[in-house]
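Residue numbers (my numbering): 836 to 1362.
Yeah, the Cβ is synthetic: ideal placement off N, Cα and C, and Gly gets one too.
Before any comments, here is the structure.
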């Protein structure tokens, strides 16, 4: 039983709810900052610098709202919350500069109980009102520890400039989770009667790693009379993993007890989640149209890959893809607010019904899986291309106008496909539009092309590339017209207008009604 029989106070949670309703709710946010910067001139050609910043933060009543009682808010603190950086610069010659640096942002976002809330206090959720009281649903830690290393070399002459180097980011994320007696109650508001228990396979600790977010780059700039060429090429590599996880060891590290309702578990490592390789160009050209330095025509074409951390590794972590919570009905016949049943048993007994999933604590057959064409290979990472062209003209000293056209398009979209269902498992149906003079023809016409599944609850989701099902588009076109006026006294006025249009096309999804778009516009990192 391992602790599940620890009984809460023998008074209905409704009593504490009434007490909470008489207290004014307040919220408090605090921030601090302490930093240090040192620079050392090692030699006339070498400079070394360090910077450290410590910024503790507290959202001391997180989840503050009209449906959360004050004691059920969280004491959410970022402690530690710090940034450290060391840099080195070396002027090797009058034409060559070497720079290197290492930096780290280490933080722990903690969610803790409010003062006076005991560790075994069970959270209560009112079904009708949505009110949460007595304690919050969950508490834990969220640790991040990335380390970024970079080295670059620049070589500059009068007509030629080149720069090359690399940056690599490594780090891990650890999340912990626990709650009062590893369960929470749901009650019917009107009668104040418990009707459900939600049980968790907690406490747990989830660990995921970013092995490498590597970028190798080289860029070159050449001047040929009126023309300036910018040529760049970048190799991006990203690799994530989930290490082997022994819950007993991880729980001891964070001083957490063993799970209450499931045994202590072990998980094998999961490697290459994902394993991506990309080769992306950066090209630009500028031309002095009349040779007088007053009119320039410019164009550029560049590709950018999407930023990534440990989100995909987390999604493939065996602990996250397990059945970690279940619910069961609860009939509190003697109204003592204590479940008179064996909660470790997943079957019906005493006052408690059978849990909704008998695979509690085991791998989840309905968890989404990632296809190989998303996780591994060359050019599998979400990306965007950007093309721009424009003309800039100096009308007179201090006054210039500029007109530019931009086009941006995205690729490597993904979808979630329930492979347990096919198009034949859906039935089309129609509904009748309401009669309304605002609708075409006054309404009353059939609206068809709607689908409903014939296989309810049958789920086997696979996240895969959109191109396996058709073509998805997301394209932006825009025009900028700007003017810059430099006034006496170092005052500059800028103004202009932008006109743009974004076009998204998901029509291919109609071919398979069970598909769900999971990425329509990837977040692009301008790396």
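For the region 981 to 1065, the continuous beta strand (DSSP E) assignments of 3+ residues that do not extend past its boundaries occur at 982 to 991, 995 to 1012, 1018 to 1023, 1028 to 1035, 1039 to 1059, in sequence order. The C-beta of residue 1245 has 16 or more other C-beta atoms within 10 Å across all chains shown, which makes the residue buried.
Rounded to whole angstroms, the gap between the alpha carbons of residue 1212 and residue 1218 is 14 Å. A distance below 7 Å between beta-carbons, with the five flanking residues on each side excluded, links residue 1014 to the following residues of its chain, in chain order: 958, 972, 973, 974, 1035, 1037.
As summarised for the region 1125 to 1158, the continuous alpha helix (DSSP H) elements at least 4 residues long and confined to that stretch are 1146 to 1150, given in chain order. Within the same chain, Cβ atoms closer than 7 Å to the Cβ of residue 1293 are found at 1255, 1256, the five residues on either side in sequence being excluded. Check the Cα spacing between residue 1171 and each of 1027, 990, 935, 1182: the tightest is with 1027. Apart from sequence neighbours up to five positions away, the residues of its chain that approach residue 1124 with a beta-carbon distance below 6 Å are 1130, 1132, ordered along the chain. Residue 879 and residue 932 have their C-alpha atoms spaced approximately 13 Å apart. The C-beta separation of residue 1100 from residue 1196 comes to about 7 Å, placing the pair in contact by the 8 Å criterion.
Your pair residue 1050 and residue 1002 checks out as a contact, with CB atoms roughly 5 Å apart and the cut at 8 Å. Per the C-alpha coordinates, the member of 1229, 1239, 1159, 1236 positioned closest to residue 1202 is 1159. Around the beta carbon of residue 1157, a 10 Å sphere encloses 16 or more other beta carbons of the protein chains shown; the residue is thus reported as buried. Just so you know, the alpha carbons of residue 1184 and residue 1174 end up roughly 10 Å apart. Residues 1318, 1319, 1320, 1321 of the same chain have their beta carbon placed closer than 8 Å to that of residue 1234, with the five preceding and five following residues left out of the count.
Residue 1152 is a Cβ neighbour of residue 1043, given a cutoff of 7 Å. Taking all protein chains shown into account, residue 1334 has fewer than 16 neighbouring C-beta atoms within 10 Å of its C-beta and is therefore exposed.
In the structure shown, the three-state DSSP call for residue 1238 is strand. By the neighbour-count criterion, in which 16 or more other beta carbons inside 10 Å mark a residue as buried, residue 1045 falls on the buried side. When rounded, the separation of the alpha-carbon atoms in residue 1031 and residue 1080 is 32 Å. Excluding residues up to 5 positions away in sequence, 1058 lie with their Cβ nearer than 6 Å to the Cβ of residue 994 in the same chain.
Counting the other CB atoms within 10 Å of its CB gives residue 859 a total below 16, which places it among the exposed residues. Under the 8 Å Cβ criterion, the region 1060 to 1076 counts as touching the region 1107 to 1127, having at least three qualifying pairs.
A direct Cα-Cα distance of roughly 12 Å separates residue 979 from residue 918. The continuous alpha helix (DSSP H) containing residue 1083 extends over residues 1082 to 1088.
Between residue 938 and residue 920, the gap from beta carbon to beta carbon is short of 7 Å.
The three-state secondary structure of residue 863, taken from DSSP, is coil.
Between residue 965 and residue 1024, the CB-CB gap reaches or exceeds 7 Å. The DSSP-derived three-state label of residue 1200 is coil. DSSP places residue 906 within a helical segment (H, G or I) once states are collapsed to three.
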